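Working notes, structure below.
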Amino acid sequence: MNFELILPQKVIFGEGSIKKVGEEAKSLGIDRVLIVTSRGMLKREFLTQITGYLLEHQLSFDIFSRVKPEPPIENVYDCIAFAKDNSCNLLIGLGGGSVIDIAKKVAADLGLPKIMVPTTAGTGSEVTHESVFKVEGKKRAFVDKNLVPNVAIVDPDLTKTMPPLLTASSGIDALAHALECYESRKSNPLVKTIALDAFKLLKENIEKAVQGNRRARINMSLGSLMAGMAFGNSGTTLAHALSYPLSNRGVPHSQSVALVLPFALEFNGSDPRLVEKLKGLRKLVHCDWNADWDANKMAEEVMCDERHLANNPSNVTYRDLLEIFERMKRWLLHEGDL
Ligand SMILES: [Zn+2]
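If you read the sequence shown in our numbering, its first letter stands for residue 62, the second for the next number, and so on.
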């Protein structure tokens, strides 16, 4: 048995751990930080906290807040130009998966160190060496060991402003990461151990977290982090492959995954009780079948996604994919209570 694990040099977890950001940045030997974030974050207290901790350590900073949801690759080029113009020598990504994916890619392309601080519990991107962008309108994953962050700071306090819909969909995305990497053809004993514990934590806490329970929210952050460590080292499978055509049509990543996950698990022969639970959880996420969506085209797009399909435990044909999308359509139009 042979395998490799790629993980950040340091992972810091816990309530209040954001306080360490200045000290960690300083220890990387830099003086000018670029904080990559989204426009919505400009009004949040976390950003002020982070800039305060940087100033305490005599570090200057600039802020790039033009990250788009489900970002196109051009967003990376825009941020690279901004980082160069301001002579930044460290990147801090503060936000959800889109922000973190951009910050990782920009830092990797410029050969700079990077610290990731997620504000959602779901993507796990703060510990993986993968970033996903739209290239000519289609989602594409970039996998490169240089994308792995130097430091990941996972502070569950930062997820307390997540609205219930985002808590639900991001939580289902994290569940998908844990389930898919466990059954991936590239899985290994370490990945399976971490993924199984992550799955239990996420499954037990997702509904309570949606209701705003603090302890459950902390457990969702931990479960998402663990699932990220696991799937980053064995990849995801059919559910993530099925989610890409939906995201290509404007559905956010976590909602796309929430929509397709029960169908993917059913196809792979997972426990029917789990499939039913996930169908129930999916009702927390509002998404309808759009009249413009063509199941044939969507199936064709998935067939091109060789990376995910090669990881899937069962072989998948075009006819299988078409049938899955047709069933999903019927479920959403007639049976789903969404
Ligand atoms: Zn995902």
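Positions of the beta carbon are idealized from the N, C-alpha and C atoms, including for glycine.
All values derive from a computational prediction rather than experimental measurement.
{"query": "By the 10 Å Cβ neighbour count, where 16 or more other Cβ atoms means buried, how is Ala-352 classified, buried or exposed?", "result": "exposed"}
{"query": "Quick one: what does DSSP say Asn-329 is sitting in, helix, strand or coil?", "result": "coil"}
{"query": "Can you give me the Cβ contacts of Ala-169 inside the same chain, cut-off strictly under 7 Å, excluding the 5 residues immediately before and after it?", "result": "Asp-205, Asn-207 and Leu-208"}
{"query": "Is there contact here, the stretch 226-246 with the stretch 284-299, by at least three beta-carbon pairs under 8 Å?", "result": "yes"}
{"query": "Ignore the nearest five residues each way along the sequence and tell me which others in Leu-89's own chain have a CB closer than 7 Å to its CB.", "result": "Leu-151, Pro-174 and Asn-211"}
{"query": "If you drop the 5 nearest sequence neighbours on each side, which residues of the same chain put their C-beta closer than 7 Å to that of Ile-385?", "result": "Leu-303, Phe-324 and Phe-328"}
{"query": "Alpha carbon to alpha carbon, how far is Leu-394 from Asp-349? Give it in angstroms, no decimals.", "result": "7 Å"}
{"query": "Is the beta carbon of Ser-282 closer than 9 Å to that of Thr-220?", "result": "yes"}
{"query": "How far does the alpha helix (DSSP H) with Glu-106 in it extend, from its first residue to its last?", "result": "106-117"}
{"query": "Pick helix, strand or coil for Lys-390, following the three-state DSSP scheme.", "result": "helix"}
{"query": "With DSSP run on the structure shown, which of helix, strand or coil describes Met-177?", "result": "strand"}
{"query": "Near Met-359, what residues of its chain come up, given a Cβ to Cβ distance below 7 Å and the 5 sequence neighbours on each side ignored?", "result": "Pro-306 and Phe-386"}
{"query": "Taking the alpha helix (DSSP H) that Val-252 falls in, what are its first and last residues?", "result": "250-271"}
{"query": "From the DSSP output, read off the bridge partner residues of Ser-285.", "result": "None; Ser-285 has no bridge partner."}
{"query": "Quick test of the definition: if touching needs 3 or more C-beta pairs under 8 Å, does the stretch 73-82 touch the stretch 101-120?", "result": "yes"}
{"query": "Looking only at its chain, what residues have a beta carbon closer than 6 Å to the beta carbon of Asp-216, apart from the 5 residues adjacent to it on each side?", "result": "Ser-78 and Ile-79"}
{"query": "Looking only at DSSP bridge pairs, what is Leu-151 linked to?", "result": "Val-94"}
{"query": "Given Ala-229, which residues of its chain have a CB within under 6 Å of its CB, disregarding the five upstream and five downstream residues?", "result": "Val-271, Leu-345 and Val-346"}
{"query": "Excluding sequence positions up to five away, which residues of its chain have a Cβ less than 7 Å from the Cβ of Tyr-114?", "result": "Lys-80, Val-82 and Gly-83"}
{"query": "Hey, could you find the ends of the beta strand (DSSP E) Lys-71 is sitting in?", "result": "71-74"}
{"query": "Do you know how far the Cα of Ser-285 is from the Cα of Ile-67?", "result": "17 Å"}
{"query": "Please report how far the alpha carbon of Asp-398 lies from the alpha carbon of Gly-341, in whole angstroms.", "result": "In this prediction, Asp-398 scores a pLDDT of 46, lower than 50, which makes its location untrustworthy; no coordinate-derived value is stated."}
{"query": "Please work out which residues of its chain come closer than 7 Å, Cβ to Cβ, to Val-196, disregarding the five sequence neighbours upstream and downstream, and give them in chain order.", "result": "Ile-134"}
{"query": "Tell me Arg-278's beta-bridge partners as DSSP assigns them.", "result": "Answer is none; Arg-278 lacks a bridge partner."}
{"query": "Give me the DSSP bridge partner(s) of Arg-201.", "result": "Phe-194"}
{"query": "On a CA-only basis, which of Ile-267, Lys-71, Ile-279 and Lys-247 is nearest Thr-297? Give me that one, please.", "result": "Lys-247"}
{"query": "Put Ile-161 into one of helix, strand or coil per three-state DSSP.", "result": "helix"}
{"query": "Over the uninterrupted beta strand (DSSP E) stretch that includes Ala-213, give me the two end residues.", "result": "212-215"}
{"query": "Kindly list the residues whose CB is nearer than 8 Å to the CB of Ile-141, restricted to its own chain and excluding five residues on each side of it in sequence; keep chain order.", "result": "Val-167, Asp-170 and Leu-171"}
{"query": "Flag Thr-297 as yes when its Cβ comes closer than 8 Å to any non-hydrogen atom of ligand 1, and as no otherwise.", "result": "yes"}
{"query": "Starting from Phe-122, trace the beta strand (DSSP E) both ways and give me its first and last residue.", "result": "121-125"}
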